[in-house]
Ligand code: SF4
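Numbering (this note's numbering), first residue to last: 29 to 516.
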């Protein structure tokens, strides 16, 4: 007996044209192929050749088709014709819409443009709406950001040097421990999912900090079910532990952050609490080479984390000074925050210790040259601490850099050092003691108490390379003459 089976086309042609673009259902801009059929969007698929998503498309990205095809899509300006909240609107022409807008905005602009507070929602044209606000003359402009992805982007800039929408990502190929705090899965979804897959395949640890255990937290190696709204407190408590244990990277803070910037402490001044600045508006630090004020990004400037500046009877101190003073406070001790965060003190200490172990004992080094914000050339990228035994290496990596003869703790923070000594932590004995001819016995003693092994070896000299005329450092005693970083 014969059967008449229907012939099924398992790969029907879904489009007559494919347009390549990027998705904007969230801000990470995955590459997409938009299939058009008879002039309409028929189907969206991930572009496997795009570096961000390599063909992956999330559910939101697929739903992007409704941005174009949804029957509820706005196609013309709408005017409310009923009571506010009644939902009664009617379509009007663009000319009518402009007239209404001008009748409301012109009087404000004529009187004082800054009286307009302009707030936009999420769309792809924020650069234009901000341009419009500037053209109107109001600085009171904002967008959805603070409620949405901007928090995530800001955290990316602070921790990784780039927002996800500028394609900033953790180093998925080398990260050894990743803590994700409150990351919703609606932004940067594909890159994070792909990245998590990569780091889990390498055996790196993922810690998800979130009140709910869904999505990324469900696949994390450890889930920390924090009380909503207490993430910052939890982080500061870990910071408290790290400071007390001496596990903070002082060289990094000095060289690459605003920790050494002096704060204006002039009582009652409009600038009180803000950065102390020079006449060109540059934030000021104390240069450890000269002991004098200098712009933070000045050539050859080596910012002093513990610098102070006395002017008109007022002592101006650094951001670092305030941070240490504040976060060493028992107010941030794990025992003090545990109940509010819903995380035990023991667990907070354990997580801080794990972070410290990865950061200080498992340095990551990559042979990749790079240039920092002050145009200093580096021959390597390294993710471990800059200080300690690394210091000599660090010094010869910095071109046009005059080595400092003083430790950052030698001048004005003896109170801090005493407190550190009293904290009861078992600070390691420095393997390399700082010994410079001008160091007093007292300051050496203080230095030993810190447990920091930052080394400024005797006999540093600066040479200029014959080929490049770039000054570089020879550290005679312990490391021999180091080659020029540009010609080596
Ligand atoms: S993660 Fe999803 S929503 Fe975001 S850009 Fe990519 S496909 Fe679009």
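Just so it is clear, CB atoms sit at the ideal spot from N, CA and C, and this is done for glycine as well.
{"Asked": "Distance cut-off 7 Å: residue 76 Cβ against heavy atoms of the ligand SF4", "Found": "no"}
{"Asked": "Distance cut-off 7 Å: residue 56 Cβ against heavy atoms of the ligand SF4", "Found": "yes"}
{"Asked": "Three-state class that DSSP yields for residue 65 in the structure shown", "Found": "strand"}
{"Asked": "Cβ contact (3+ pairs, closer than 8 Å) linking the stretch 307-322 and the stretch 331-347", "Found": "yes"}
{"Asked": "Validate contact between the stretch 31-44 and the stretch 184-201 using beta carbons, cut 8 Å, 3 pairs", "Found": "no"}
{"Asked": "Rounded C-alpha distance that separates residue 292 from residue 339", "Found": "10 Å"}
{"Asked": "Distance CB(residue 384)-CB(residue 270) smaller than 8 Å", "Found": "yes"}
{"Asked": "Sub-8 Å separation of residue 188 and residue 211 beta-carbons", "Found": "no"}
{"Asked": "From 321, 357 and 226, residue whose alpha carbon lies closest to that of residue 261", "Found": "357"}
{"Asked": "Start and end residues, beta strand (DSSP E) containing residue 344", "Found": "342-345"}
{"Asked": "Endpoints, the beta strand (DSSP E) within which residue 117 is located", "Found": "117-119"}
{"Asked": "Euclidean distance between Cα positions of residue 266 and residue 258", "Found": "13 Å"}
{"Asked": "Residue 362 - containing alpha helix (DSSP H), residue span", "Found": "362-369"}
{"Asked": "Beta-carbon proximity check, residue 61 vs residue 45, cutoff 8 Å", "Found": "no"}
{"Asked": "The stretch 278-294 contacting the stretch 341-350, beta-carbon criterion three pairs below 8 Å", "Found": "yes"}
{"Asked": "Coil, strand or helix - residue 228 by DSSP", "Found": "helix"}
{"Asked": "Start-to-end residues for the alpha helix (DSSP H) that takes in residue 383", "Found": "373-389"}
{"Asked": "Environment of residue 225 [buried if 16+ CB atoms lie within 10 Å]", "Found": "exposed"}
{"Asked": "Contacting residues, own chain, Cβ-Cβ under 8 Å from residue 82 (five flanking each side not counted)", "Found": "74, 76 and 222"}
{"Asked": "For residue 315, the three-state DSSP class (helix, strand or coil)", "Found": "strand"}
{"Asked": "Residue from 182, 263, 237 and 47 whose Cα sits closest to the Cα of residue 251", "Found": "237"}
{"Asked": "Coarse secondary structure for residue 440, derived from DSSP in three states", "Found": "With a pLDDT of 30 at residue 440, under the threshold of 50, the modelled position of this residue cannot be trusted, and the question is left open."}
{"Asked": "Burial state of residue 272, where buried means 16 or more other Cβ atoms lie within 10 Å", "Found": "buried"}
{"Asked": "With 16 other Cβ atoms within 10 Å as the buried cut-off, status of residue 49", "Found": "exposed"}
{"Asked": "Length of the line joining the Cα atoms of residue 524 and residue 166", "Found": "Any property of residue 524 remains undetermined from this structure, which presents the chain solely from 29 to 516."}
{"Asked": "Span separating the alpha-carbon of residue 88 from that of residue 98", "Found": "14 Å"}
{"Asked": "Exposure of residue 451, with buried meaning 16 or more beta-carbon neighbours within 10 Å", "Found": "Legend: pLDDT at residue 451 = 28, less than 50; position of this residue unreliable, no value from coordinates given."}
{"Asked": "Of the residues 331, 370 and 243, the one placed nearest residue 319, counting alpha carbons only", "Found": "331"}
{"Asked": "Length of the line joining the Cα atoms of residue 130 and residue 140", "Found": "15 Å"}
{"Asked": "Exposure of residue 106, with buried meaning 16 or more beta-carbon neighbours within 10 Å", "Found": "exposed"}
{"Asked": "For residue 236, the residue or residues it bridges with in DSSP", "Found": "208 and 251"}
{"Asked": "Whole-Å CB distance - residue 217 paired with residue 54, under 8 Å assumed", "Found": "6 Å"}
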